[in-house]
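S.K.: Taken in order, the sequence shown gives residues 8 to 185; the numbers are from this note's numbering. Note that CB positions come from ideal geometry on N, CA and C, so glycine has one too.
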Amino acid sequence: MAARQLMMRYPVERLEALSDPVFAPDFVLRPFRDGDEAGYLALMRAAGFPWADDMIQTVQGKAMPGGILFACDAKTGRIAATAMANKFRPETPDDYELGWVAAHPDYRGKQLGTKICAAVLIFYRQAGVRHVALHTDDFRKPALVTYLRQGWQPVIDDEEMAARWQAVREELGIPAAP
């Protein structure tokens with residue numbers, strides 16, 4: 008049986024105080040629109056997600072209207088990074104979920120992951136959502152660094168999760184929050 012994904016929550020007080028992300032002039036923040044399918048698939052596949060062609064429809068069915076956001080290269084229009092505002096998961100009905108965060112390897116080092124996550128959090132705040140969670144995997148080290156530095160809090164609901172989070176923090180060299 009596969010291990011449960013790691014879960015994190017974004018603190019309400021941080022959400023209320025979060026500033027709008029500032030993207031470099033080389034990038035434009037915008038929502039998904041018709042015609043983005045091929046570029047979206049290309050990004051997700053380049054980021055290591057083995058998406059089938061029909062995954063776009065699945066993702067659109069879970070996203071809040073306007074909640075699939077892109078950071079696009081201002082010169083070429085190429086989708087450089089993405090994250091989405093999911094409605095919720097059955098196991099967390101009071102939460103909404105930051106999902107499918109990805110940045111194209113060609114754009115690494117530009118903090119697009121951090122900024123696109125912040126853009127989705129602002130989207131949620133503007134929609135009146137206060138409780139946001141995310142699910143990720145232990146091996147997604149760059150994403151985990153981004154989330155922890157951004158202030159996401161690990162959900163530790165049993166000894167196994169406590170041990171997994173301790174291992175993640177040790178491997179990343181990030182001390183546990185007080």
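Alpha carbon to alpha carbon, how far is GLY55 from GLY42? Give it in angstroms, no decimals.
M.R.: Mapped onto the sequence shown, residue 42 falls at position 35. Mapped onto the sequence shown, residue 55 falls at position 48. The alpha-carbon atoms of GLY42 and GLY55 are separated by roughly 22 Å.
S.K.: If you follow the beta strand (DSSP E) that LEU76 is in, where does it begin and where does it stop?
M.R.: As a working mapping, residue 76 is identified with position 69 in the sequence shown. That run of the beta strand (DSSP E) goes 70-80.
S.K.: Please report the residue range of the beta strand (DSSP E) in which TYR154 lies.
M.R.: Here residue 154 refers to the residue found at position 147 when the sequence shown is read from its first residue. No beta strand (DSSP E) holds TYR154; the alpha helix (DSSP H) holding it covers 148-157.
S.K.: Mind checking which residues open and close the alpha helix (DSSP H) that includes PHE56?
M.R.: Translated into the one-based positions of the sequence shown, residue 56 becomes position 49. It is not in any alpha helix (DSSP H) - PHE56 carries neither H nor E in the DSSP assignment.
S.K.: For LEU141 and ALA92, what's the separation of their Cα atoms in angstroms?
M.R.: Residue 141 sits at position 134 when you count from the first residue of the sequence shown. Residue 92 sits at position 85 when you count from the first residue of the sequence shown. Their backbone Cα atoms lie some 10 Å apart in a straight line.
S.K.: Is the beta carbon of PRO18 less than 8 Å from the beta carbon of GLN133?
M.R.: Here residue 18 refers to the residue found at position 11 when the sequence shown is read from its first residue. Here residue 133 refers to the residue found at position 126 when the sequence shown is read from its first residue. No, they are not a contact pair.
S.K.: Three-state secondary structure (DSSP) at ALA125?
M.R.: To locate residue 125, count along the sequence shown from 1; it is residue 118. Helix at ALA125.
S.K.: Within the same chain, show all residues whose beta-carbon is closer than 7 Å to that of TYR114, passing over the 5 residues directly before and after it, in chain order.
M.R.: Counting from one through the sequence shown, the residue named residue 114 turns up at place 107. Here the set comprises ALA87 and ALA88.
S.K.: Specify the secondary structure class of ILE86 as computed by DSSP and reduced to three states.
M.R.: In the sequence shown, residue 86 corresponds to position 79, counting from 1. In the structure shown, ILE86 sits in a strand (DSSP, three-state: E or B).
S.K.: Quick check: LYS94 and MET71, are their CB atoms within less than 8 Å of each other?
M.R.: In the sequence shown, the residue the question calls residue 94 occupies position 87. In the sequence shown, the residue the question calls residue 71 occupies position 64. Against a cut-off of 8 Å, the Cβ pair of MET71 and LYS94 comes out as a contact.
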